[in-house]
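Structure first, then comments.
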Amino acid sequence: MVIVCAGSLLRYVDYRRRLQYPAATVREALTALTEQHPVLAPLLLTPEGELRASHRLILRDALLGPAELDTPVGPDDRLEILTSISGG
Numbered sequence: 006m007v008i009v010c011a012g013s014l015l016r017y018v019d020y021r022r023r024l025q026y027p028a029a030t031v032r033e034a035l036t037a038l039t040e041q042h043p044v045l046a047p048l049l050l051t052p053e054g055e056l057r058a059s060h061r062l063i064l065r066d067a068l069l070g071p072a073e074l075d076t077p078v079g080p081d082d083r084l085e086i087l088t089s090i091s092g093g
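Last residue of the sequence shown: number 93 in the working numbering, and the count goes up by one each step with no gaps.
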């Protein structure tokens, strides 16, 4: 599957917008990403392995909820990681 990173996440993946990983689920893809780029792990995931509230995942053009990390994926799927912007 392809993981697409954007914005502030790019500096943590050597400015590579698209990264390819073999994975059976969204969680496996995120694990592969954070194993290759360990500095991302605490930014994306809680110590329990759940997605932090500051990020959103889009798979097949649909927003995934926090309980959907075990959603099956295929080799042609694209997972986009978006970072929420806060401030006032």
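All C-beta atoms, glycine included, are put in the ideal place defined by N, C-alpha and C.
#1: Let me know the secondary structure DSSP gives Leu-15 once reduced to three states.
#2: With distances taken from CA atoms, which of Ile-90, Glu-85 and Thr-36 is nearest Val-9?
#3: With burial defined as no fewer than 16 other Cβ atoms inside 10 Å of the residue's Cβ, what is the status of Ser-68: buried or exposed?
#4: For the beta strand (DSSP E) holding Glu-73, just list the boundary residues, first then last.
#5: Let me check understanding here. Comparing Cα to Cα, which of Glu-73, Ser-89, Leu-74 and Arg-65 lies closest to Pro-80?
In short, the structure shows the following:
#1: helix
#2: Glu-85
#3: The question names Ser, but residue 68 is Leu in the sequence shown. That one is exposed.
#4: Segment: none, Glu-73 is in no beta strand (DSSP E) and carries neither H nor E.
#5: Arg-65
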